[in-house]
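Numbering (my numbering), first residue to last: 1 to 292. We put the CB at the ideal spot given by N, CA and C, even for glycine.
This is how it looks when you write it as structure tokens:
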């Protein structure tokens, strides 16, 4: 088949072979069969599964070895681990290796890359695939996870054009559609449409789980509860890291959400049926327009 990359990465290193890293590996293998994919994961059982399932060609048990001779290095670890990983791999990255990430926050990661990668920072390409599932781990990985999904690539003032273009071609070879944003715009947008919903979902489940009669509530919970709380089944460590990394945006958005709850509470207390119906109608119409 034709080389989809033009400048072809021959050896790809995946640090964190979970749902996203594993799916990226499977999609890359499908796009270019002669690519060698090596993987590292701090969870030895997950790493062994990645090798057994054929997601990676070889399992490597140290960060220094997994990045050795790699053309593209993908960091698929929780954002809270980025600092320690970048510190450890910085000295072992080849002079031409491209480093990219898949984190849900970008301000902290970009700052760390500039601080810790030295000259290699010009080959750091921040990216965020808008795809996933509530189940983590390599056993949930799929080669078509990114097909027709958006990948946001963050433009910085220090990344060279060629590494940016090569990472873009990799994602396109995975079937993804490319969007571009600035660092601040990315964290602002996803703080609202991704990070805040996870907090709200976790909060509702936490509220019920900590009641004395929680079992009764869960027994009668149906599809509406299931739909709203699906994302509360996500990885707690990952969402702890995301919440702290995007703290500024989330504090603003949580305040805005609380203001809206107070508005609704006031309307309910005063039996303001027009305000309540209008509130629901605006939300319903916006939801329908979006889903269609």
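Per the DSSP secondary-structure output, residue 100 pairs in a beta bridge with 74 and 125.
Unbroken alpha helix (DSSP H) runs of no fewer than 4 residues, entirely contained in the region 200-239, are found at 214-220 and 223-229, following chain order. The distance from the Cβ of residue 242 to that of residue 79 is about 6 Å, consistent with a contact at the 8 Å cut-off. The alpha-carbon separation between residue 168 and residue 227 amounts to approximately 33 Å.
If you check the CB distance, residue 127 and residue 153 come in under 7 Å.
Excluding residues up to 5 positions away in sequence, 64, 67 and 68 lie with their Cβ nearer than 7 Å to the Cβ of residue 92 in the same chain. Boundaries of the beta strand (DSSP E) harbouring residue 11: 11-15, taken from the DSSP string. By the beta-carbon neighbour count (other beta carbons within 10 angstroms, threshold 16), residue 141 is buried. In the structure shown, residue 136 falls within a coil segment according to DSSP collapsed to helix, strand and coil. The three-state secondary structure of residue 180, taken from DSSP, is strand. For the 7 Å CB-CB criterion, residue 73 and residue 27 do not form a contact.
Less than 7 Å separates the beta-carbon of residue 23 from that of residue 145. It is roughly 5 Å from the alpha-carbon of residue 214 to the alpha-carbon of residue 208. Excluding the 5 residues flanking it on each side, residue 77 has same chain C-beta neighbours closer than 7 Å at 15, 16 and 85, in chain order. Taking C-beta atoms under 8 Å as the contact rule, residue 106 and residue 192 fail to qualify, at a distance of about 15 Å. Beta-bridge analysis with DSSP links residue 59 to 39.
Counting the other CB atoms within 10 Å of its CB gives residue 45 a total below 16, which places it among the exposed residues.
Residues 127, 129, 146, 151, 153 and 178 of the same chain have their beta carbon placed closer than 8 Å to that of residue 171, with the five preceding and five following residues left out of the count.
Excluding its 5 nearest sequence neighbours in each direction, residue 37 has C-beta neighbours in its own chain below 7 Å: 12, 14, 25, 28, 29, 56 and 57, listed in chain order.
For the pair residue 267 and residue 257, the Cα-to-Cα distance works out to about 15 Å.
A direct Cα-to-Cα measurement between residue 132 and residue 149 gives close to 10 Å. Residue 239 counts as buried, since at least 16 other C-beta atoms from the protein chains shown sit within 10 angstroms of its C-beta.
Taking 7 Å as the cut-off, the beta carbon of residue 180 is found no closer than this to the beta carbon of residue 110. With 16 or more other Cβ atoms from the protein chains shown falling within 10 Å of its own Cβ, residue 123 counts as buried. When the Cα atoms are used, residue 210 and residue 143 turn out to be separated by approximately 38 Å. Taking the Cα of residue 203 as reference, the smallest distance to any Cα among 232, 75, 221 and 176 is reached at 232.
Considering only 194, 289, 136 and 125, the residue with the shortest C-alpha distance to residue 104 is 194.
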